[in-house]
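Here the sequence shown is numbered in our numbering, starting from 152 and rising by one per residue. Using N, Cα and C, we set each Cβ at its ideal position, and we do this for glycine too.
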Amino acid sequence: MLKPFHLSASEAHQRLQELAKVDGQRAVTEFFSEDPNRFHSMHAETAGLLMDWSKQRISKSTMKALHELASEADWQKGRKALFSGDPINQTEGRAVLHMAMRAEAGDSFNVNGLDVMPDVLEVREKMLAFADEVRSQPAIRNVVNIGIGGSDLGPLMVTKALRRFHDGGPAIHFVSNVDGAHLDAVLDGLDPRTTMFVVVSKTFTTQETMANAMAAKDWLIESLGEDAVKGHFAAVSTNMEAAGKFGIVSDRIFGFSDWVGGRYSLWGPVGLSIACGIGSVHFRSLLKGARAMDVHFQEAPDEQNLPLISALIGIWSREYLGFETQVVLPYAQDLDRLPAYLQQADMESNGKSTGRDGEPVAHHTGAVVWGEAGTNGQHAFYQLLHQGTSIHPADIIAVKSPMSPHLGHHEKLLANAIAQAEALMVGKSKSQVVREMKVDGATPDEIDAISPHRVFKGNRPSTFFLLDELDPETVGQLIAFYEHRIFVQGLIWNICSYDQWGVELGKVLAKQILSEWSDEAKGKHDPSTDALMKKCQIHR
Ligand code: F6P
């Protein structure tokens, strides 16, 4: 277990509160004037990934106090507990060892004193051999991943991110929503004879996934008959019995353990669809990159430890500067599902308000995570980022090497990414606007009326991530980076990052409402809910 940590009682917390009133209000451009070497001291690199936090509203004193906060929270001990397989998912009594799923032979990961690596490696080999076999069968041209949440977002995001590494395998599709339109839209145009379904569900009880899997099975049987199920379905679950009962043959069921959280599970059999798309060689590179980040996270000194620093900046932004969201802006179309993936990873992990001691926490926790690929977002919500009344710290992610043969496009893409980080920081003053308007020949009246609207306050923080390539290793690193950032934040915020009780109530009520469609539901719920149920019954 991780020991409770009371942020508000810590000495660093008091210092940070004071710093927020002074250094936190200063212009980052002033920090640069005072220290032109700021970029050098406020960036760090791992192989293939650079992080530049020099445009954050962070002074050297602030950074020092944040590191002291991490020390007071005993973060190194917490990290050791994580990697040692201690049951740090305390409300479910489980270890949190998704790092084992990307580990190599010779690495050591234990749960309850048992080395988990032999099992992990065996299932990995079985799963990758299966993926390569699927890829080699000309008969299977489409793989449909049926899952939701962690059983969908990770595989979907990586499959898209590594589009360029899909060399000759089947096309990979994803169905998640219980809205039958999602299944229909995917199946439309697919041929049952050339389609394979991978049902991914940690529990194998999730309503959406079960409904979609049953409907997909019916669709297949209708054309090919009952016997076809064994050749056209595979499953990934911790509940292998339920997958067997569904009709999936045992050598096509890939199991994993409950110490892998759903939203951290893409590294193992949950990544089967990814592997069917990119093949085992590239999948192993994805794992290699993530493992490299695990090593960095464990071994890099605190001052260069990327997940630690990013986590601390996030805490500074949320708790001390009061910024409520974190916007993620990947300047790579292939990373366009990264914000959605991080929404689950981060918000399902750190959207909590009960401390590890069972008491309500007396501070803020997870920020709202949102975002969109650049440059699309620039033509949608960046107006608010630049001139809105609230500030939204940005993670801007760019890639040095082009992701397409259109080299001119790539130059433009990179220029936009860098320009946005600069614009957010430097802004534009009234005097600058007036000067520009005069040069453009505006009249004094026009200048009076329009210039206030053209002012950018600036000083809007961002962290810039520069990836060498959008390749399996770097994508693996990037995801593992965010996973560890989430861990550090949860540790300092004193919450249980690895459960998700907050999703239960809605699920239970949905089941209840579903069972009541045929009843006279009147009076069982609040008047608004009753009325809505009645309205919906009319349209059934
Ligand atoms: O939304 C809650 C949740 O339990 C997620 O944590 C999980 O990723 C998702 O549902 C899907 O669960 P399963 O893999 O068990 O179908």
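| field | Start and end residues, alpha helix (DSSP H) containing residue 296 | value | Here residue 296 refers to the residue found at position 145 when the sequence shown is read from its first residue. Not the alpha helix (DSSP H): residue 296 falls in the beta strand (DSSP E), residues 293-297.
| message | Just to confirm my understanding: we take residue 444, look at its own chain, exclude 5 residues before and 5 after, and list those with CB closer than 6 Å. What are they? | response | Here residue 444 is taken as the residue at index 293 of the sequence shown, counted from 1. If the five residues before and after residue 444 are omitted, its C-beta is found closer than 6 Å to the C-beta atoms of 628, 631 and 632, all from its own chain and listed in chain order.
| query | Which residues in the same chain have their Cβ closer than 8 Å to the Cβ of residue 495, if we skip the five residues on either side of it in sequence? | reply | Counted from its first residue, the sequence shown places residue 495 at position 344. Closer than 8 Å at Cβ, skipping near neighbours: 300, 301, 304 and 414.
| Of the residues 544, 549 and 487, the one placed nearest residue 527, counting alpha carbons only | Residue mapping note: residue 527 aligns to position 376 of the sequence shown, counting from 1. Considering only alpha carbons, the answer is 487.
| task | Using a Cβ-Cβ cut-off of 7 Å, state whether residue 577 counts as contacting chain C. | result | Going by chain labels, chain C is absent from the structure shown, which holds only one protein chain.
| field | Contacting residues, own chain, Cβ-Cβ under 8 Å from residue 585 (five flanking each side not counted) | value | The sequence position of residue 585 within the sequence shown is 434, counting from 1. If we look at residue 585 and ignore the five residues flanking it on each side, its Cβ neighbours are 598 and 602.
| field | Whole alpha helix (DSSP H) elements within the region 641-670, 4-residue minimum | value | 655-666
| request: Pull up the distance between the alpha-carbon of residue 360 and that of residue 326, whole angstroms please. | output: For this step, residue 360 is matched to residue 209 along the sequence shown. For this step, residue 326 is matched to residue 175 along the sequence shown. Residue 360 and residue 326: Cα-Cα distance of roughly 8 Å.
| task | Jot down the residue ranges of each uninterrupted beta strand (DSSP E) in the region 567-620, minimum 3 residues, whole runs only, in chain order. | result | Fully enclosed beta strand (DSSP E) runs of 3 or longer: 613-618.
| query | With contact counted as at least three CB pairs below 8 Å, one residue from each stretch, are the region 347-366 and the region 509-527 in contact? | reply | Taking a cut-off of 8 Å for Cβ pairs, the region 347-366 and the region 509-527 do not touch, as fewer than three such pairs fall below it.
| query | Apart from the five residues on each side of it in sequence, which residues of its chain come closer than 7 Å, Cβ to Cβ, to residue 148? | reply | Since the first residue of the chain shown is 152 and the last is 691, residue 148 is not available in this structure.
| field | Unbroken beta strand (DSSP E) run spanning residue 347, endpoints | value | The residue labelled residue 347 in the question sits at position 196 within the sequence shown. Per DSSP, the continuous beta strand (DSSP E) segment holding residue 347 begins and ends at 346-351.
| CB contact flag (residue 426, residue 282, <7 Å) | Walking along the sequence shown from the start, residue 426 turns up at place 275. Walking along the sequence shown from the start, residue 282 turns up at place 131. It is a contact, given that the beta carbons lie within the stated cut-off.
| field | Distance between residue 382 and residue 229 (C-alpha atoms, nearest Å) | value | Translated into the one-based positions of the sequence shown, residue 229 becomes position 78. Translated into the one-based positions of the sequence shown, residue 382 becomes position 231. The alpha-carbon atoms of residue 229 and residue 382 are separated by roughly 45 Å.
| request: Just the C-alpha distance for residue 157 and residue 639, rounded to the nearest angstrom, thanks. | output: As a working mapping, residue 157 is identified with position 6 in the sequence shown. As a working mapping, residue 639 is identified with position 488 in the sequence shown. Roughly 14 Å between the two C-alpha positions.
| message | Can you tell me whether residue 148 sits near the ligand F6P, meaning its C-beta is under 6 Å from at least one heavy atom of the ligand? | response | Residue 148 is absent from the model: the chain starts at 152 and stops at 691.
| Proximal residues to residue 615 (C-beta, below 6 Å), its chain only, five neighbours per side dropped | Here residue 615 is taken as the residue at index 464 of the sequence shown, counted from 1. Excluding positions up to five away in sequence, the list reads 203, 547 and 572.
| said: Looking only at its chain, what residues have a beta carbon closer than 6 Å to the beta carbon of residue 644, apart from the 5 residues adjacent to it on each side? | reply: Taking the first residue of the sequence shown as position 1, residue 644 is located at position 493. Taken in chain order, the residues that qualify are 516.
| message | Please tell me whether residue 621 and residue 483 are closer than 7 Å, where the distance is taken between their beta carbons. | response | By 1-based counting over the sequence shown, the position of residue 621 is 470. By 1-based counting over the sequence shown, the position of residue 483 is 332. Closer than 7 Å, so yes.
| message | Rounding to the nearest angstrom, what Cα-Cα distance links residue 324 and residue 387 in this structure? | response | By 1-based counting over the sequence shown, the position of residue 324 is 173. By 1-based counting over the sequence shown, the position of residue 387 is 236. Roughly 16 Å separates the two Cα atoms.
| field | Bridge-paired residues (DSSP) for residue 196 | value | On the sequence shown, position 45 is the one that residue 196 refers to. Partner(s): 201.
| request: In angstroms with no decimal places, state the Cα-to-Cα distance between residue 340 and residue 530. | output: If you number the sequence shown from 1, residue 340 lands on position 189. If you number the sequence shown from 1, residue 530 lands on position 379. Cα to Cα, residue 340 sits roughly 33 Å from residue 530.
| query | Excluding sequence positions up to five away, which residues of its chain have a Cβ less than 8 Å from the Cβ of residue 279? | reply | Here residue 279 refers to the residue found at position 128 of the sequence shown. Taken in chain order, the residues that qualify are 426, 431, 434 and 435.
| Residue from 611, 588 and 609 with nearest C-alpha to residue 600 | For this step, residue 600 is matched to residue 449 along the sequence shown. When only C-alpha atoms are compared, the closest one is 588.
| task | Check whether the Cβ of residue 299 lies closer than 6 Å to any heavy atom of the ligand F6P, and answer yes or no. | result | As a first step, residue 299 must be located in the sequence shown, where it is residue number 148. Answer for residue 299: yes, Cβ within range of the ligand F6P.
| request: Decide if residue 365 is buried, meaning its Cβ has at least 16 other Cβ atoms within 10 Å, or exposed. | output: Taking the first residue of the sequence shown as position 1, residue 365 is located at position 214. Residue 365 should be labelled exposed.
| Tell me, which residues are paired with residue 187 by DSSP? | Along the sequence shown, one-based indexing puts residue 187 at 36. Answer by DSSP bridge pairing: none, since residue 187 is not bridged.
| Under the three-state reduction of DSSP, which class applies to residue 261: helix, strand or coil? | For this step, residue 261 is matched to residue 110 along the sequence shown. DSSP places residue 261 within a strand segment (E or B) once states are collapsed to three.
| Contact check, residue 193 vs residue 205 under 8 Å by CB: the rounded distance? | Here residue 193 is taken as the residue at index 42 of the sequence shown, counted from 1. Here residue 205 is taken as the residue at index 54 of the sequence shown, counted from 1. The pair is a contact, with the Cβ atoms about 4 Å apart (cut-off 8 Å).
| Who are the Cβ neighbours of residue 358 in its own chain at under 8 Å, not counting the five residues just before and after it? | Within the sequence shown, residue 358 is the residue found at index 207, counting from 1. 329, 658, 661 and 662, listed in sequence order.
| said: Restricting to Cα atoms, I'd like to know which of 390, 372, 370 and 336 is closest to residue 356. | reply: Along the sequence shown, one-based indexing puts residue 356 at 205. Residue 390 is the option with its Cα nearest to residue 356.
| Does the distance from the C-beta atom of residue 479 to that of residue 543 stay below 7 Å? | In the sequence shown, residue 479 corresponds to position 328, counting from 1. In the sequence shown, residue 543 corresponds to position 392, counting from 1. Not a contact, by the Cβ cut-off of 7 Å.
| message | My parser needs the beta strand (DSSP E) runs of 3 or more residues fully inside the region 217-273; what are they? | response | For the region 217-273, not a single whole beta strand (DSSP E) run of length 3 or above is found.
| query | If you draw a straight line from the alpha carbon of residue 319 to that of residue 288, how long is it in whole angstroms? | reply | Counting from 1 along the sequence shown, the entry for residue 319 is found at position 168. Counting from 1 along the sequence shown, the entry for residue 288 is found at position 137. Cα-Cα distance, rounded: 11 Å.
| Which residues does DSSP pair with residue 633 in a beta bridge? | Locating residue 633 in the sequence shown gives position 482, counting from the first residue. Residue 633 pairs with nothing; no bridge assigned.
| message | I need the straight-line Cα distance from residue 465 to residue 161, nearest angstrom please. | response | Residue 465 sits at position 314 when you count from the first residue of the sequence shown. Residue 161 sits at position 10 when you count from the first residue of the sequence shown. About 18 Å.
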